[in-house]
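Notes follow once the structure below has been shown.
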Amino acid sequence: MITGKPLYTVNQIQDRVKEIADAISDDFKGEELLVIPILKGAFMFASDLVRNIKVPLKMDFIMASSYLKTDSTGEVTLHCDVRENVMDRNVLLVEDIVDTGVTLNYIRERLLQKRPRSLKICGLLDKRERREVDVPLDYIGFEIPDVFVVGYGLDYDNKYRNLPYLAVFKKESDER
Ligand code: 5GP
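For the sequence shown, numbering that gives the first Met the number 0 assigns the number 0 to the initial residue and increments by one for each residue that follows.
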């Protein structure tokens, strides 16, 4: 079930997304970006983000998973890889939430092998206290404690992605 009031409201999210997009637009003035959201969770964040970025960009997508319901499996499965040529491009990887860092680290290493001109990482949520692998994050929406979050693209068992805000999710069995 979803508990209490939103962790972040629609307005808080939209304000922060605009701030991040402005920072990205400043950092890449005069350049072109290749924006790569990691599906499925980053689809909503990425769509708001790119609508606010003011430099020219192209998009591609990666689909990966490492979670089973609310638990990390520690193993990354790549369901769909990039099709654009990454070599010598300014790549911006967009992730919904960085938890242990395993997923992002795996994808980052793969992309670096393709020799981009630059590779920046933008994460909406950062659960820093859970980190096991140190991945460099260039743009972060919000740092959050160790809670399980749904909404704004993030799921529990592929549900709740359509909530326009971010909420804390608790399994029924956690409730005593
Ligand atoms: P990591 O590899 O960093 O441990 O996990 C990253 C992935 O796990 C995220 O892309 C997301 O799919 C999933 N994940 C981690 N924490 C949460 C959470 O609080 N809520 C949801 N819905 N997914 C999470």
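The beta-carbon is built from N, C-alpha and C at its ideal position, and this holds for glycine as well.
Please read these numbers as outputs of a predicted model, since none were measured by experiment.
Distance cut-off 7 Å: residue i Cβ against heavy atoms of the ligand 5GP
{"i": "L153", "result": "yes"}
{"i": "T76", "result": "no"}
{"i": "E65", "result": "What sits at residue 65 in the sequence shown is Ser, not Glu. S65 Cβ: within cutoff of the ligand 5GP."}
{"i": "L103", "result": "yes"}
{"i": "I98", "result": "What sits at residue 98 in the sequence shown is Asp, not Ile. Yes, since a heavy atom of the ligand 5GP falls inside the 7 Å radius drawn around the Cβ of D98."}
{"i": "E142", "result": "no"}
{"i": "F147", "result": "yes"}
{"i": "D186", "result": "The structure shown does not extend to residue 186, since the chain spans only 0 to 175, so no value can be given for it."}
Start and end residues, beta strand (DSSP E) containing residue i
{"i": "V132", "result": "Here V132 belongs to no beta strand (DSSP E), and DSSP marks it neither H nor E."}
{"i": "E183", "result": "Residue 183 cannot be examined here, being either before or after the span of the chain that is shown, 0 to 175."}
{"i": "D145", "result": "From DSSP, D145 is part of no beta strand (DSSP E); its letter is neither H nor E."}
{"i": "L153", "result": "Careful: L153 lies outside any beta strand (DSSP E) and carries neither H nor E."}
{"i": "L245", "result": "Residue numbering for the chain in the displayed model covers 0 to 175; residue 245 lies beyond these limits and cannot be assessed."}
{"i": "V167", "result": "L165 to F168"}
Nearest-angstrom Cα separation, counted from residue j out to residue i
{"i": "V85", "j": "L6", "result": "36 Å"}
{"i": "T69", "j": "R15", "result": "26 Å"}
{"i": "Y159", "j": "K169", "result": "13 Å"}
{"i": "Y155", "j": "P144", "result": "18 Å"}
{"i": "E142", "j": "R127", "result": "7 Å"}
{"i": "R116", "j": "K4", "result": "42 Å"}
{"i": "I12", "j": "K113", "result": "33 Å"}
{"i": "R109", "j": "D59", "result": "15 Å"}
{"i": "L67", "j": "F44", "result": "21 Å"}
{"i": "V149", "j": "E83", "result": "30 Å"}
{"i": "D80", "j": "I61", "result": "5 Å"}
{"i": "L124", "j": "I139", "result": "7 Å"}
Residue i, enclosing alpha helix (DSSP H) - first and last residue
{"i": "I12", "result": "V9 to D26"}
{"i": "T102", "result": "V101 to L111"}
Cβ distance (whole Å) where residue i is taken to contact residue j below 8 Å
{"i": "A41", "j": "D95", "result": "4 Å"}
Please go through the segment 25-82 and give each complete alpha helix (DSSP H) segment of 4 or more residues, from N-terminal end onward.
-> 42-51
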